[in-house]
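Participant: Numbering follows the working numbering, in which position 117 of the sequence shown is assigned residue number 130; successive positions increment by one, without gaps.
From the three backbone atoms N, C-alpha and C, an ideal C-beta is built for every residue, glycine too.
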Amino acid sequence: MFSAANFTSLLASLRLAPALERPDIAGPVTVQAFVQTSSESNNACAFQPYPSPSVNIPQFAPYDPKISSIYRYRQQQSVNLGSWFVQENWMVPSIFTCAGGNKAGEHDVASGWGNTTVARQILERHWDTWIQPSDFAYLRSIGINTVRLPIGFWSLGPSFMQGTPFEDVAQVYMNSWPRVLQAIKTAELYGIGVLVDLHGAPGSQNGQSHSGTSDGVVGLFKNESYMNKTIDVLAYLTEQLTCVNNVVGIQILNEPVNDPILPSFYNRTLDVLRSVNNKSASFPFYIHDAFNLGQYSAFVANRDDFLVEDHHSYFVYTASDTTESAQGHTNDVNTTIAKQLTTASNSERGNLVLDEWSCALTDKSLAQASNPAAAQQEFCTTQMDVYAAASAGWAFWSYYMEDCQDNGGWCFKQAVNNSLPPTFFSYPTIASAPRDPLAPLGDAMSYTLANLSASAPISQIVQLALMPNDADHPTQGTSPFNRLDSITANQAAIARGYQDGFTTSKIFAQYGMSRLGFKGQYIADSAVELVQAQVIGDEDQSIYGTWFKRGLSDGEAQVIAAISNTVPVYSHS
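1) Anyone know if the C-beta pair for residue 189 and residue 98 falls short of 9 Å?
2) Flag this pair as touching only if the region 203-218 and the region 152-169 have three or more C-beta atom pairs under 8 Å; answer yes or no.
3) What number of angstroms, rounded off, separates the C-alpha of residue 347 from the C-alpha of residue 369?
4) Tell me the rounded alpha-carbon separation between residue 229 and residue 445.
5) Measuring only the C-alpha atoms, how far is residue 29 from residue 86?
6) Under a three-way DSSP split, which group does residue 94 fall into?
7) Measuring only the C-alpha atoms, how far is residue 519 from residue 156?
8) From residue 265 to residue 224, what does the alpha carbon distance come to, in whole angstroms?
9) Ignore the nearest five residues each way along the sequence and tell me which others in residue 272's own chain have a CB closer than 7 Å to its CB.
10) Since residue 339 and residue 399 should fall inside the 8 Å C-beta cutoff, what is the C-beta to C-beta distance between them, to a whole number of angstroms?
11) Given residue 174, which residues of its chain have a CB within under 7 Å of its CB, disregarding the five upstream and five downstream residues?
12) From this set, 73, 249, 204, which residue's C-alpha is nearest residue 172's C-alpha?
13) Please confirm whether residue 375 and residue 335 have their CB atoms less than 9 Å apart.
14) Determine contact between the region 384-404 and the region 355-374, defined as no fewer than three beta-carbon pairs at a distance below 8 Å.
15) Under 8 Å: do the region 354-369 and the region 306-324 share three or more Cβ pairs, one atom per stretch?
16) Does the region 297-304 come into contact with the region 320-328, if we say contact requires no fewer than three beta-carbon pairs (one atom in each stretch) closer than 8 Å?
17) Please report the straight-line C-alpha distance between residue 55 and residue 123, rounded to a whole angstrom.
18) For a test of the three-state rule: what should DSSP assign to residue 263, helix, strand or coil?
19) Along the chain, which unbroken stretches of the beta strand (DSSP E) at least 3 residues long are found entirely within the region 367-428?
20) With H, G and I counted as helix, E and B as strand and the rest as coil, what does DSSP make of residue 316?
21) Would residue 217 and residue 101 be called neighbours here (beta carbons separated by less than 9 Å)?
22) Go ahead and pull the three-state DSSP assignment for residue 206.
23) When we look at the beta-carbon of residue 576 and count the other beta-carbons within 10 Å, is it buried (16 or more) or exposed?
24) Measuring CA to CA, which of 555, 443, 284, 342 is closest to residue 573?
25) If distances are taken between C-alpha atoms only, which option among 507, 526, 523, 531 comes closest to residue 3?
26) Helix, strand or coil: which one does DSSP assign to residue 298?
27) Indicate, with yes or no, if the ligand ATP has a heavy atom lying under 8 Å from the CB of residue 287.
28) Can you round the beta-carbon distance between residue 92 and residue 412 to whole angstroms, since I take them to be within the 8 Å contact cut?
29) Give every residue of the same chain whose Cβ lies closer than 8 Å to the Cβ of residue 279, excluding the five residues on either side of it in the sequence, and list them in chain order.
30) Anyone know if the C-beta pair for residue 528 and residue 440 falls short of 9 Å?
31) Within the same chain, show all residues whose beta-carbon is closer than 6 Å to that of residue 236, passing over the 5 residues directly before and after it, in chain order.
32) With a threshold of 7 Å on Cβ separation, who are the neighbours of residue 192 within its own chain once the five nearest residues in sequence on each side are excluded?
33) Tell me the rounded alpha-carbon separation between residue 1 and residue 427.
34) Quick check on DSSP: helix, strand or coil for residue 326?
35) Taking DSSP as the reference, what is the three-state secondary structure of residue 500?
36) Please say whether residue 60 and residue 135 have beta carbons closer to each other than 9 Å?
Structure representation (structure tokens):
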């Protein structure tokens, strides 16, 4: 394994980070520590007042197109920061000790605890302690480069709650939006990207308590006012976040029911969001597929903008899931599910993520294994490997929960180095993270295709393709990349594609050892720009993309060789 001791020498040729660190992990503080029990007080809901600190709107780093592109296009190893800004009673039961209603959803917390003043203090204490900077440092140290941040429409503050069930508890959220921004800022400090996920929409998109209300009503798609408010919320998020470098995207809805109106709602929403500002036209938006992988992979495929399908994968909710063995689930992931995901991903330019999955299996599933712990580990790592191979990224649900140590099926911190590996870097031979993962790790790369890949078998194919058809144009002593004026447009597309792919692999590696994830979208976006600049012809976009992938593969082979101190293995040799 690659370690801090030899990091500098092995990557000197790539000018990568010279120092590594693994910060200590600090545990979160739960509400349980501040709630007095009935034995201590006649009021079971008595609590210690929380003098909420002032949280200012943070200043983000200036927008940098290069840095933001690396965050947004790179391969994602991610976790969900569940129950931070959207409460779920099975994950953080202490918050629901004195909740109102069904004691299951966010609104139940906000409407409980005797009055909104106390409820606000309960939630503000939770927001300030559930996830700490040390958690981001820990995630970075083990190779997690992105987090999915579930929020509700209520998280934006009181002005967005008028005409919704949250209107009567609006003051509970008077200080919530600055804390959401501070979470994004803290992630920025550690080079971690953030997918902002609208987990709870006005009226509820799925009737589940994790959408904010626990009455079971799916009200969003039957109420024009709710749909308009949802679009307003998303437009505000777009306006505020498109120029924040480490925001990798905005998810329009989480797990909506597959209402007949959903596709048209997505199109209508995207039309608005794409016109919010001059950056939103190319900004990544994510849509959940309502658990219909094929329908929404076709939806994404029929658009050419940066739109990503999010598919969630669990194995504990149906009757068949309950009875199938752990080995059976593992086999399903390796075969049928892998094929389905790969087919969907290939159809939509690779714009697919698996942004909720877990190691959880039912007791019945695990009981059929002679070694349940080993069976769960195989199931979990198989999922991770299949999802990484078939998509541009994955996000485990969820990072932390109360009694985490007893629930490695759902709690990432417990699963790490148990059901899951100890690290998750894009290049798996790395054992620790660079100190400054998204700061330039040296001067901009000056290596060219000619002097970096002369020994690569593929370079010979490139040079052969660049040979002029006219025998009157000798090539001896002439670098093929210095005579593009004498070659055909097709040959120019080959040369440019390979060179761009090769260089892209190095640039991404130079920033936190990242790796290009959304390959199809990146190639398509690059080709469009080159056509507009008349560098390649419109008819040559396909050949450009083919050779981009070959150059990318060879560049990544050299990165792998550098960090493992081996000879590069090229996929085309």
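Facilitator: Looking at the coordinates:
1) In contact: residue 189 and residue 98 (Cβ atoms closer than 9 Å).
2) Judged by Cβ distances under 8 Å, the region 203-218 makes contact with the region 152-169, as three or more pairs qualify.
3) Each residue's alpha carbon lies about 18 Å from the other.
4) Rounded to the nearest angstrom, the two C-alpha atoms are 45 Å apart.
5) Its pLDDT being 33, under 50, residue 29 is placed unreliably by the model, and the measurement read from it follows with that caveat. For residue 29 and residue 86, the distance between alpha carbons rounds to 20 Å.
6) Reduced to three states, the DSSP call for residue 94 is coil.
7) The alpha-carbon of residue 519 is positioned some 18 Å away from that of residue 156.
8) So the two alpha carbons sit approximately 13 Å from each other.
9) Same-chain partners within the cutoff: 234.
10) Not really, about 15 Å apart at Cβ, beyond 8 Å.
11) Hits under 7 Å: 167, 180, 183.
12) Shortest Cα-Cα distance from residue 172 to any of 73, 249, 204 involves 249.
13) Yes.
14) Two segments are said to touch when three or more pairs of C-beta atoms, one from each, lie closer than 8 Å; by this definition the region 384-404 touches the region 355-374.
15) Touching, yes.
16) Yes, the region 297-304 touches the region 320-328.
17) Unreliable positioning characterises residue 55 in this predicted model, as indicated by a pLDDT of 49, which lies under 50. The coordinate reading is nonetheless provided below. Computed Cα separation, rounded: 22 Å.
18) Correct three-state label for residue 263: strand.
19) Those beta strand (DSSP E) runs which fall completely within the region 367-428 and span 3+ residues are 406-409.
20) Here residue 316 sits in coil by DSSP.
21) Against a cut-off of 9 Å, the Cβ pair of residue 101 and residue 217 comes out as no contact.
22) Annotated three-state conformation of residue 206 is strand, per DSSP.
23) Buried is the label assigned to residue 576, since at least 16 other Cβ atoms lie within 10 Å of its Cβ.
24) Nearest C-alpha to residue 573: 443.
25) This structure gives no information on residue 3, because the portion of the chain shown stretches from 14 to 586.
26) Here residue 298 sits in strand by DSSP.
27) What this structure holds is no ligand at all, so the ligand ATP is not there to describe.
28) Contact flag correct, Cβ pair sits at about 4 Å.
29) Cβ neighbours of residue 279 beyond the five flanking positions: 265, 300, 312.
30) In this structure, the beta-carbon distance from residue 528 to residue 440 falls below 9 Å.
31) Excluding residues within five positions, the ones whose Cβ falls inside 6 Å are 216.
32) The beta carbon of residue 192 sits closer than 7 Å to those of 68, 140, all from its chain and outside the five residues before and after it, given in chain order.
33) Because the chain is modelled from 14 through 586, residue 1 falls outside the range shown and cannot be assessed.
34) DSSP places residue 326 in the strand class (E or B) of the three-state scheme.
35) If DSSP states are grouped into helix, strand and coil, residue 500 belongs with coil.
36) Cβ atoms of residue 135 and residue 60: closer than 9 Å.
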